[in-house]
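Have a look at the structure below, then the notes.
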Amino acid sequence: MKIKLFLAYFIMLGLTQVSAQFKTTIPLRKDVVHGTLNNGMHYFILHNEWPKERADFYFVQNVGAILEDDNQNGLAHFLEHMAFNGTEHFKGKAMINMLAKHGVTFGRDINAYTAHDETVYNLSNVPVKNPVLLDSCLYVLHDWSGFLSLKDAEIDAERGVIHEEWRTRRNADLRIGSQLEPFIYNGSKYGERDVLGNMDLIDNFKYKQLRDYYKKWYLPNHQAVIIVGDIDPAKIEQQVMKIMGSIPMPSNPAERTYEAIPDNDKLLYKLALDKEAQKTSISLNFKKNKPLVEDFAAFENSIAEQLTLQMMNNRFREYTVNNETALLGAGLSYSGLTRLTSFFTLTVNPKNGRLLEAFQQAYTEYERAIQNGFTKEELDRVKENMRTGYENQLKNKDKISNENWASQLQNYFLEASPVMSLEDEVEFVKTTLAKIDVNGINKVFRAFQTEKNQVLTVSGPEKENITYPTETDYTTVIKKIKEQKLEPYTETVTNADLVTDKLTIKPIAKKFEIKGIEEAKGYVLDNGAKIIIYPTTLAQDQILFSAFSPGGISLLPQQDLPSSQIAAVLAKNSGLGDFKVTDLQKQLSGKTVKVSPFIGEHYEGFSGSAVKKDLETLLELTYLYFKNPRFENQAYKRIIDYYSNALENVNENNNKIFGDTIALLDTNHSKRTFLLSKENLGELKFDEASKIYKQRISNAADFTFVFVGNIGESDLEAINKYLGNVAGNKTQEKFIDHKTGMAKGFFKEKLIREMSVPKTSIYVHLENKTAVFSEKNQIMAYMLSQLLNKRYLEKIREDEGGSYGVQTQISLAKNPTPVFSLTVSFDCNPEKDGKLLQIVYDELNSIVKNDVPEKDLSDIKEDLIKSNQQNIKSNSYWMNTIVDYLKTGDKFVSSDAYENLIKSISVKDIKKYAGEVLPKADKVEVVMHPKTHESPSK
2 MKIKLFLAYF IMLGLTQVSA QFKTTIPLRK DVVHGTLNNG MHYFILHNEW
52 PKERADFYFV QNVGAILEDD NQNGLAHFLE HMAFNGTEHF KGKAMINMLA
102 KHGVTFGRDI NAYTAHDETV YNLSNVPVKN PVLLDSCLYV LHDWSGFLSL
152 KDAEIDAERG VIHEEWRTRR NADLRIGSQL EPFIYNGSKY GERDVLGNMD
202 LIDNFKYKQL RDYYKKWYLP NHQAVIIVGD IDPAKIEQQV MKIMGSIPMP
252 SNPAERTYEA IPDNDKLLYK LALDKEAQKT SISLNFKKNK PLVEDFAAFE
302 NSIAEQLTLQ MMNNRFREYT VNNETALLGA GLSYSGLTRL TSFFTLTVNP
352 KNGRLLEAFQ QAYTEYERAI QNGFTKEELD RVKENMRTGY ENQLKNKDKI
402 SNENWASQLQ NYFLEASPVM SLEDEVEFVK TTLAKIDVNG INKVFRAFQT
452 EKNQVLTVSG PEKENITYPT ETDYTTVIKK IKEQKLEPYT ETVTNADLVT
502 DKLTIKPIAK KFEIKGIEEA KGYVLDNGAK IIIYPTTLAQ DQILFSAFSP
552 GGISLLPQQD LPSSQIAAVL AKNSGLGDFK VTDLQKQLSG KTVKVSPFIG
602 EHYEGFSGSA VKKDLETLLE LTYLYFKNPR FENQAYKRII DYYSNALENV
652 NENNNKIFGD TIALLDTNHS KRTFLLSKEN LGELKFDEAS KIYKQRISNA
702 ADFTFVFVGN IGESDLEAIN KYLGNVAGNK TQEKFIDHKT GMAKGFFKEK
752 LIREMSVPKT SIYVHLENKT AVFSEKNQIM AYMLSQLLNK RYLEKIREDE
802 GGSYGVQTQI SLAKNPTPVF SLTVSFDCNP EKDGKLLQIV YDELNSIVKN
852 DVPEKDLSDI KEDLIKSNQQ NIKSNSYWMN TIVDYLKTGD KFVSSDAYEN
902 LIKSISVKDI KKYAGEVLPK ADKVEVVMHP KTHESPSK
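Those letters in the sequence shown? Residues 2 to 939, by this note's numbering.
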């Protein structure tokens, strides 16, 4: 919930100050247990049952990179890393190991982030039945507060990890950001602190510099404990008081100050270029101070602001979709820039070489709205969408996650953003929407822009053949447009039913059972379509929809493969029936429904969802995707323009070169492997794409339609009315296995590329086509991936400091034929790439030859069981389970049987399975090196 709005009867209450610089007139929701300990630390505890029997622990520090001294640039973030490398109660990796025993894993459940103004740690999805575990989590937070070990050896070991994070993250977008930040932040300290910091300093700082920052700023009066989950708040509060209240507050603490961005009377302009940039962007920003008091007027205004942004963005989309323009897209946004400042931004994404024309077109539409305002019809649509969105949230309030509420409480602590019950918020939103009229909304929209504090930024690729417009060019365009009297916006709205065909209810041909899932019922309609209905109470008002048919692009000849890539995209972006795509969006205002077609390698079909009242709309849309899809030349041109722009600087796109090389080796250079390039873009043809869609999305008799959630047998009549009237010719297709896997043996490819920031990228892929598929083998394949992840984390990241992270993925697929697949990929220090690559193979050999530690296997089992217990409580799990069951024909495995399988797997089983799938696997290795191994320090 991005807007937090509340009932008017609280308006007589006084200010509540939680944040040091913000206040609110709105009291905290009454079921949040909140207090301030004697040492100044705040705590917030909330009972919430999604997910059940789980809790999230957040530790929020109101300090970040902005408080660093010049000789500490990057140490706030470095300190965040050190929080996982030893504390008073948890030596070395004891914290991570302790939590892993309970299925709480590092990276997914144990994490943190550092920003300019805050540092936030979290322990998520913690099982709540064990009081000792809950206390242990509080002791983790206790130690984070002021009891990190910060041992010399651990600090030195982490330097390499930080450097590799910098190397991995410092792509073209980040480098462009570094050029823009001094102008966006107008010479303030924010422009000198990029969080990751200066790598010379990271490599060479003295231990005392890090400890000084820690002792100065990690103080209880800057900290908050937030605990949300299926817990007893009163009991947790007592433990918080006991454990966190014991932390001393030092005398004469440093004052937490807040950095302001200086005003600028004249527009600031910056052009930022990078050789590897893949897109061009223009942003006109208006800097505004955040309101220091969050009162009812501010909340009403925030609703109006969101409505105006939605209306303007709808206009931009309509303009670019329905006209030949120089724009790929344009949009308005309003977001936080710093703790005290927000940015109102007009973003323009131009087509290649048409920057000024694109900016002129976007600014003209923006100015048209400034001069003439919005219409009542536009306002009514976005109000209805917002009202519907809140009503749906209220219906499914029991599925609001711990993370969601914790995030809101974090913002309450940091910025006094109010947090109230969803019931109160929804009531206030409805009341406010009823009051808002066109005149008021237009005033709010015009108040966004400011005369001062404007910043214009332009970014794009640095190439000899590109000439960028000057600052004067842009300001001249703005001046000329402002001087014009623009005509008001006009629109045509198609007021007609989605489906006008006269449909009759067809008979049900037969019924069938879904073995193992008793509540799921199957029906065959008169046209041959198969329907599966699985009613659940897992969400108050949610219906998930999936449909599939065997075949996909595997049935297409090679010459049709390029156009097949855009067939479904073309249909989605062209509209349906009598409605072009922008008219369809208007027609669906106030409805919670989505349906999307796809054409994949082996299947075509649909995915979608709806609430109960909009089920018929979902069925109408699906019917039209079969019966009356549209294919607009304008939509086709937009797709080609998008790809053309993306490929303009592709020769400098190392990631695409790397990915294309991998794709060719993984498929043994199959002629059916289509890699999009500037040279073959013309092979994506409108007529072919339209024909392919109509061929693949056509025969209802070959489709299976699955509905899960708030659905029942009483809905079968509506389902039959629409899906039963789709033509079906009773023929059944099967996909073709083109056997496009890697070649037998071991194939290597080495790439050498120019790089602005030198790094080596490594990809290793093992594939075994003789692997046997079974549920147990599938579980063991996952276990292997987790065991290898742990080893690579320890040896490549922690011991060697050679990479920020190694991704190990393993799958055991049954269709089209059983195949075991393992990939290992990571970026790393070029000076260590050979050693790190050898570690990859050494660990693969080790896991075949040696028993894995019983403790490691036990931790993975606990995590799998914990995840399964949560997964079975969601509709998406059951949708995926049913679809997989129908595609593979495998026997359904119950949750209990699945957990028993997990528990039955032994160390010997893992060793045996690794010996079966790894030694005889075919291999692909791709390594991309920089031309130079020189490593810049900044």
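Glycine residues also receive a C-beta, built at the ideal position from the N, C-alpha and C atoms.
Among the options, nearest to residue i - alpha-carbon criterion
i       : options                            : result
Leu-68  : Met-96, Ala-261, Val-241           : Ala-261
Gly-108 : Gly-806, Thr-662, Ser-699          : Gly-806
Asn-40  : Asn-726, Met-242, Asp-32           : Met-242
Asn-172 : Asn-726, Glu-714, Pro-759          : Pro-759
Tyr-122 : Lys-511, Asp-144, Thr-458, Met-99  : Asp-144
Val-709 : Phe-774, Ile-544, Gly-835, Asn-730 : Ile-544
Extent of the continuous alpha helix (DSSP H) run through residue i
i       : result
Ser-990 : In the structure as shown, the chain starts at 2 and stops at 939, and residue 990 therefore has no counterpart that could be examined.
Glu-385 : 377-396
Leu-457 : From DSSP, Leu-457 is part of no alpha helix (DSSP H) but of the beta strand (DSSP E) over 455-462.
Thr-477 : 472-484
Leu-525 : For the record, residue 525 in the displayed sequence is Val; it is not Leu. Run containing Val-525: none in the alpha helix (DSSP H); it sits in the beta strand (DSSP E), 522-526.
Thr-889 : 876-889
Ile-177 : 173-185
Tyr-626 : 616-628
Asn-63  : It is not in any alpha helix (DSSP H) - Asn-63 carries neither H nor E in the DSSP assignment.
Rounded straight-line distance, which links the Cα of residue j to that of residue i
i       : j       : result
Glu-306 : Met-96  : 45 Å
Ile-437 : Val-322 : 29 Å
Lys-921 : Tyr-842 : 14 Å
Val-918 : Gly-390 : 49 Å
Ser-610 : Val-707 : 11 Å
Pro-263 : Val-294 : 21 Å
Gln-810 : Ala-772 : 16 Å
Ala-530 : Thr-583 : 31 Å
Leu-333 : Thr-432 : 26 Å
Phe-85  : Lys-94  : 7 Å
Gly-890 : Asn-816 : 11 Å
Ser-460 : Asn-872 : 43 Å
Asp-110 : Ser-564 : 42 Å
Ile-761 : Ile-640 : According to the sequence provided, residue 761 is Thr. The question's Ile does not apply to it. Rounded to the nearest angstrom, the two C-alpha atoms are 33 Å apart.
Leu-813 : Ser-822 : 6 Å
Ser-282 : Thr-471 : 14 Å
Ser-402 : Gly-230 : 9 Å
Phe-675 : Gly-192 : 43 Å
Coil, strand or helix - residue i by DSSP
i       : result
Glu-569 : Sequence inspection shows Ala at residue 569; the Glu mentioned does not correspond to that position. Ala-569: helix per DSSP, three-state reduction.
His-164 : helix
Gly-192 : helix
Val-294 : strand
Ser-146 : helix
Lys-924 : strand
Ala-56  : strand
Ala-158 : helix
Asn-123 : strand
Ala-305 : helix
Asn-496 : coil
Asp-579 : coil
Asp-275 : strand
Pro-234 : helix
Asp-1   : The question about residue 1 has no answer, for the chain in this structure spans 2 to 939.
Lys-595 : strand
Bridge partners - residue i, DSSP secondary structure assignment
i       : result
Gly-1   : With the chain running from 2 to 939 in the structure shown, residue 1 is simply not present.
Gly-729 : DSSP, once it has assigned bridges, lists no residue as partnering Gly-729.
Tyr-270 : Leu-457
Ser-282 : Ser-460
Met-929 : Leu-752, Ser-762
Ser-812 : Ser-822
His-35  : Phe-45
Ser-336 : Phe-344
Where the beta strand (DSSP E) through residue i begins and ends
i       : result
Ile-544 : 544-551
Val-349 : 342-351
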